[in-house]
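Structure, as structure tokens:
In the numbering used here, the protein residues as written are 365 to 574.
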């Protein structure tokens, strides 16, 4: 049995296998995750992320992140401070939010590795297409929780886990850097374990409120 990437329990079962890709499901927290022995190396991860070609003139990408931006602007007043966690090689989210009047700090373990940003407390944290890549997700969620002010919100954007019957054709699992997937079940577990007050899910946007 494979230890769960989220809760580290070994009460897991085989969920899906195809060629050299094996995914298990945790019966404790509900996570579906890649076999830990198959996790990509840091070098392979970074090389994959360098292939991303997002830029501020890319209207397709702007449209893609618009639901996330709209959720933030509807919940968070301007002139407040946020953190872009996993800002990537081209921090478009940080730029868009800065243009809207927010003060944005950035953190990325590969491209903006400045751990001192976690010494501050934020009105909100945004993490776009990041949490599915985390090799130690509980550690990171606890760190993000600790970096939020009381009442602040963690906004995450990711594809939510489909039913088991649809998993085999789900494009999202095919990215070798996508190692854990999220659903109402394991997000509720994260909420309770980290101490968030509430959880809201709107399509692909997840909101964890401290």
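Glycine included, each C-beta is placed from N, C-alpha and C at the ideal position. These numbers come from a predicted model, not from an experiment.
Beta-carbon proximity check, residue i vs residue j, cutoff 8 angstroms
{"i": "residue 464", "j": "residue 437", "result": "yes"}
{"i": "residue 544", "j": "residue 572", "result": "no"}
{"i": "residue 519", "j": "residue 432", "result": "yes"}
{"i": "residue 447", "j": "residue 494", "result": "no"}
{"i": "residue 517", "j": "residue 439", "result": "yes"}
{"i": "residue 402", "j": "residue 388", "result": "no"}
{"i": "residue 453", "j": "residue 475", "result": "yes"}
{"i": "residue 395", "j": "residue 369", "result": "yes"}
{"i": "residue 393", "j": "residue 550", "result": "yes"}
Straight-line Cα distance separating residue j from residue i
{"i": "residue 413", "j": "residue 567", "result": "24 angstroms"}
{"i": "residue 372", "j": "residue 504", "result": "14 angstroms"}
{"i": "residue 451", "j": "residue 472", "result": "5 angstroms"}
Residue i - partner residues in DSSP beta bridges
{"i": "residue 448", "result": "470, 490"}
{"i": "residue 521", "result": "492, 569"}
{"i": "residue 380", "result": "387"}
{"i": "residue 544", "result": "397"}
{"i": "residue 564", "result": "571"}
{"i": "residue 368", "result": "In DSSP, residue 368 forms no bridge with anything."}
Classification of residue i by the beta-carbon crowding that lies within 10 angstroms, buried from 16 upward
{"i": "residue 422", "result": "exposed"}
{"i": "residue 374", "result": "exposed"}
{"i": "residue 485", "result": "exposed"}
{"i": "residue 562", "result": "exposed"}
{"i": "residue 456", "result": "buried"}
{"i": "residue 491", "result": "buried"}
{"i": "residue 510", "result": "exposed"}
{"i": "residue 606", "result": "This structure leaves residue 606 out entirely; the chain is present only between 365 and 574."}
Residue i CB to nearest heavy atom of the ligand MN below 7 angstroms
{"i": "residue 410", "result": "Absence of the ligand MN from the depicted structure is noted, as is the absence of any ligand whatsoever, leaving it without description."}
* Indicate whether the contact test is met: 3 or more Cβ pairs, each with one atom in the region 371–385 and one in the region 531–542, closer than 8 angstroms. => yes
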